[in-house]
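Engineer: Residue 175 in the UniProt record's numbering sits at position 175 of the sequence shown, and the numbers go up by one each step.
Even glycine gets a Cβ: it sits at the ideal position worked out from N, Cα and C.
Since we're looking at a predicted model, the values are computed, not measured.
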Amino acid sequence: MSRRDATLATLVAVIWGANFLAIDRGLAAVPPLLFVALRFLLVCFPAVFLVPRPDIPWRVVLLIGLTMSLGQFGLVYLAMHLGMPTGLTPLVLQSQVLFTVVFAGLALREHPSGWQRVGVGIGAVGLVVVALGRSATAPLLPLLLVVGAAMSWAAGNVLARRARSASGVSLVVWSGLVVPLPMLGLSVVFEGPHALGSLVTSPDLVAVACALFTAYVSSLLGYGIWNSLLRRHPAAAVVPFTMLVPVVGMAAAWLVLGEVPSPLEAAGGALLLAGVATTALMQRRRSRVAEAAQQAGSLLERSPA
Numbered sequence: 001m002s003r004r005d006a007t008l009a010t011l012v013a014v015i016w017g018a019n020f021l022a023i024d025r026g027l028a029a030v031p032p033l034l035f036v037a038l039r040f041l042l043v044c045f046p047a048v049f050l051v052p053r054p055d056i057p058w059r060v061v062l063l064i065g066l067t068m069s070l071g072q073f074g075l076v077y078l079a080m081h082l083g084m085p086t087g088l089t090p091l092v093l094q095s096q097v098l099f100t101v102v103f104a105g106l107a108l109r110e111h112p113s114g115w116q117r118v119g120v121g122i123g124a125v126g127l128v129v130v131a132l133g134r135s136a137t138a139p140l141l142p143l144l145l146v147v148g149a150a151m152s153w154a155a156g157n158v159l160a161r162r163a164r165s166a167s168g169v170s171l172v173v174w175s176g177l178v179v180p181l182p183m184l185g186l187s188v189v190f191e192g193p194h195a196l197g198s199l200v201t202s203p204d205l206v207a208v209a210c211a212l213f214t215a216y217v218s219s220l221l222g223y224g225i226w227n228s229l230l231r232r233h234p235a236a237a238v239v240p241f242t243m244l245v246p247v248v249g250m251a252a253a254w255l256v257l258g259e260v261p262s263p264l265e266a267a268g269g270a271l272l273l274a275g276v277a278t279t280a281l282m283q284r285r286r287s288r289v290a291e292a293a294q295q296a297g298s299l300l301e302r303s304p305a
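#1: From residue 130 to residue 201, what distance separates their C-alpha atoms?
#2: Return yes when the Cβ of residue 99 is within less than 8 Å of the Cβ of residue 154, no when it is not.
#3: Can you tell me the Cα-Cα spacing of residue 122 and residue 77, whole angstroms?
#4: DSSP three-state call for residue 29: helix, strand or coil?
#5: To the nearest angstrom, how far is it from the Cα of residue 141 to the Cα of residue 83?
#6: Classify residue 102: buried if its beta carbon has 16 or more other beta carbons within 10 angstroms, exposed otherwise.
#7: Tell me the DSSP secondary structure of residue 148 in three-state form.
#8: Are residue 383 and residue 239 touching if we call contact CB-CB under 8 Å?
#9: Pick from 19, 49, 196: whose alpha carbon is nearest that of residue 219?
#10: Could you check which residue in 260, 71, 264 has the C-alpha nearest to that of residue 40?
#11: Measuring only the C-alpha atoms, how far is residue 257 from residue 168?
#12: For residue 117 and residue 237, I'd like the C-alpha separation in whole angstroms.
#13: What separation, rounded to the nearest whole angstrom, lies between the Cα atoms of residue 109 and residue 163?
#14: Mapping DSSP to helix, strand and coil, what is residue 111?
#15: With DSSP collapsed to three states, give me the class of residue 182.
#16: Thinking C-alpha only, which one of 170, 278, 272, 8 is nearest residue 125?
#17: Quick one: measure Cβ to Cβ for residue 146 and residue 89, integer angstroms, because I've assumed they're closer than 8 Å.
#18: To which residues of the same chain is residue 30 closer than 8 Å at the C-beta, ignoring the five residues directly before and after it?
#19: At which residue ranges does the region 208-269 contain complete alpha helix (DSSP H) runs of 4 or more residues, listed in the order of the chain?
#20: State the DSSP-derived secondary structure class of residue 4, mapped to helix, strand or coil.
#21: Between which two residues does the alpha helix (DSSP H) carrying residue 170 extend?
#22: Report, in whole angstroms, the separation of the C-beta atoms of residue 213 and residue 9, which I expect to be a contact under 8 Å.
#23: Nearest to residue 215 by alpha carbon, out of 44, 186, 51?
#24: Let me know the secondary structure DSSP gives residue 24 once reduced to three states.
#25: Enumerate in chain order the residues of its own chain whose CB-to-CB distance from residue 248 is below 7 Å, with the five nearest sequence positions on each side excluded.
#26: Under DSSP, the alpha helix (DSSP H) around residue 73 begins and ends at which residues?
#27: By alpha-carbon positions, which one of 60, 222, 225, 119 ends up nearest to residue 174?
#28: Taking the continuous alpha helix (DSSP H) assigned at residue 193, which residues delimit it?
#29: Between which two residues does the alpha helix (DSSP H) holding residue 90 run?
#30: Given residue 5, which residues of its chain have a CB within under 8 Å of its CB, disregarding the five upstream and five downstream residues?
#31: Quick one: give me the first and last residue of the alpha helix (DSSP H) that residue 53 is part of.
So, in structure tokens, the structure goes:
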């Protein structure tokens with residue numbers, strides 16, 4: 001992976017980490033299922049009229065929308081609504097790194113290298129350490145919901161990698177079309193029609209601003225970059241960067257919400273950074289070696305016999 005792509009992957013991680021603050025504030029005024037529907041209404045409209053349909057089959061677009069968008073965010077928003085701490089949520093969600101590597105190995109035969117295994121292993125240890133530091137504050141049901149969201153995200157990662165759509169933004173927009181109507185329907189049934197009525201007649205402006213951030217910055221910009229990276233690089237090289245998300249999310253929750261990390265959480269965050277650095281640097285080194293070997297082979301082919 002080039003330095004430019006590594007920088008883009010890091011930027012996405014920072015955006016996604018800060019995004020949990022916007023979700024937390026939005027959920028204070030809008031119930032979770034309705035908030036997810038609002039987010040993806042903003043993601044899809046008017047963008048769906050401005051970007052072309054992804055150059056992949058409709059079935060794949062639907063599956064990516066069901067996993068990476070509806071499944072992941074429906075479960076995350078519900079978990080946070082039920083009491084999952086803002087700083088802990090991005091941490092548990094990063095178990096998708098492990099699920100993605102497993103799913104990619106099974107479906108795409110993209111088995112990680114030895115150094116990538118080491119990097120992911122270090123990151124996994126970091127996740128466990130931070131989880132131990134926060135275990136006393138995490139109710140079981142919200143925790144399980146976030147793990148389910150992680151599995152859904154991982155499945156979407158593998159589907160996006162296999163699809164190799166030419167445009168990451170168009171994939172985000174068109175796959176997001178599967179979200180608003182089901183979420184609106186579920187919201188009316190479980191949250192009541194009054195929630196939708198209140199949002200239309202007397203919207204909370206801060207919550208609307210949070211929804212705009214989650215839609216345009218986190219979804220369109222973040223997932224547009226993310227899907228483009230998955231198209232250009234193996235999933236095992238891209239996905240470990242998301243281990244930075246809980247570090248950013250926990251730091252933001254600390255600064256804004258006063259969720260002070262314990263020493264175990266700080267140690268786990270350091271291990272996460274070490275895991276990302278190991279995976280990224282070793283992948284970059286392998287890419288340079290492979291490029292040098294290819295150039296050497298080309299020179300040999302052009303040399304006279």
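Structural biologist: Well, looking at it:
#1: Along the sequence shown, read from residue 1 onward, the residue named residue 130 stands at position 130. Along the sequence shown, read from residue 1 onward, the residue named residue 201 stands at position 201. Between the alpha carbons of residue 130 and residue 201 lies a gap of roughly 42 Å.
#2: Translated into the one-based positions of the sequence shown, residue 154 becomes position 154. Translated into the one-based positions of the sequence shown, residue 99 becomes position 99. Their beta carbons are under 8 Å apart, which means residue 154 touches residue 99 by this criterion.
#3: Here the question's residue 122 lines up with position 122 in the sequence shown. Here the question's residue 77 lines up with position 77 in the sequence shown. Computed Cα separation, rounded: 28 Å.
#4: To locate residue 29, count along the sequence shown from 1; it is residue 29. Looking at residue 29 - three-state DSSP - the assignment turns out to be coil, as it is neither helix nor strand.
#5: The residue labelled residue 141 in the question sits at position 141 within the sequence shown. The residue labelled residue 83 in the question sits at position 83 within the sequence shown. Linking residue 141 to residue 83 through their CA atoms gives a straight-line distance of about 9 Å.
#6: For the purposes of this step, residue 102 is taken as residue 102 along the sequence shown, with counting starting at 1. Burial call: exposed.
#7: Here residue 148 corresponds to residue number 148 of the sequence shown, with the count starting at 1. In the structure shown, residue 148 sits in a helix (DSSP, three-state: H, G or I).
#8: The shown model of the chain, from 1 to 305, leaves out residue 383, and the question about it has no answer.
#9: Within the sequence shown, the letter at position 219 stands for residue 219. Closest in C-alpha terms to residue 219, from the list 19, 49, 196, comes 19.
#10: As a position in the sequence shown, residue 40 is number 40, starting the count at 1. When each option's Cα is compared against that of residue 40, the closest is 71.
#11: Locating residue 257 in the sequence shown gives position 257, where the first residue counts as 1. Locating residue 168 in the sequence shown gives position 168, where the first residue counts as 1. Cα to Cα, residue 257 sits roughly 33 Å from residue 168.
#12: As a working note, residue 117 is residue 117 in the sequence shown. As a working note, residue 237 is residue 237 in the sequence shown. Looking at the two C-alpha atoms, the distance is approximately 11 Å.
#13: The sequence position of residue 109 within the sequence shown is 109, counting from 1. The sequence position of residue 163 within the sequence shown is 163, counting from 1. Cα to Cα, residue 109 sits roughly 15 Å from residue 163.
#14: Here residue 111 corresponds to residue number 111 of the sequence shown, with the count starting at 1. DSSP places residue 111 in coil when its eight states are reduced to three.
#15: Within the sequence shown, the letter at position 182 stands for residue 182. In this structure, residue 182 counts as helix in the three-state DSSP scheme.
#16: Taking the first residue of the sequence shown as position 1, residue 125 is located at position 125. Distance from the Cα of residue 125 is smallest, within the candidate group 170, 278, 272, 8, for 272.
#17: Working through the sequence shown from its first residue, we reach residue 146 at position 146. Working through the sequence shown from its first residue, we reach residue 89 at position 89. In this structure residue 146 touches residue 89 by the C-beta definition: roughly 6 Å separates them, less than 8 Å.
#18: In the sequence shown, counting from the first residue as 1, residue 30 sits at position 30. Answer for residue 30: 38, 195, 199, 204, 207, 211, listed in chain order.
#19: Those alpha helix (DSSP H) runs which fall completely within the region 208-269 and span 4+ residues are 224-232, 235-238, 245-252.
#20: Residue numbering aside, residue 4 sits at position 4 when the sequence shown is read from its first letter. Helix.
#21: Within the sequence shown, the letter at position 170 stands for residue 170. Residues 168-175.
#22: Your numbering for residue 213 matches position 213 in the sequence shown. Your numbering for residue 9 matches position 9 in the sequence shown. Actually they do not touch by this definition, with Cβ atoms about 20 Å apart.
#23: To locate residue 215, count along the sequence shown from 1; it is residue 215. Of the candidates 44, 186, 51, the one whose C-alpha sits nearest the C-alpha of residue 215 is 44.
#24: Stepping through the sequence shown from its first residue, residue 24 is reached at position 24. Of the three classes helix, strand and coil, the one that applies to residue 24 here is helix, per DSSP.
#25: Within the sequence shown, numbered from 1, the residue matching residue 248 stands at position 248. Around residue 248: 13, 14, 17, 18.
#26: Here residue 73 is taken as the residue at index 73 of the sequence shown, counted from 1. Note, residue 73: alpha helix (DSSP H), 72-81.
#27: Position 174 of the sequence shown, counting from 1, holds the residue named residue 174. When 60, 222, 225, 119 are compared, the shortest CA-CA separation from residue 174 is found for 60.
#28: Within the sequence shown, residue 193 is the residue found at index 193, counting from 1. If you look at residue 193, you'll find it in the alpha helix (DSSP H) that goes 193-201.
#29: Along the sequence shown, read from residue 1 onward, the residue named residue 90 stands at position 90. 88-93 is the extent of the alpha helix (DSSP H) around residue 90.
#30: If you number the sequence shown from 1, residue 5 lands on position 5. In its chain, beyond the 5 residues on either side, 229, 232, 233 have a beta carbon closer than 8 Å to the beta carbon of residue 5.
#31: Looking up residue 53 in the sequence shown gives position 53. For residue 53, no alpha helix (DSSP H) segment is defined, and its DSSP state is neither H nor E.
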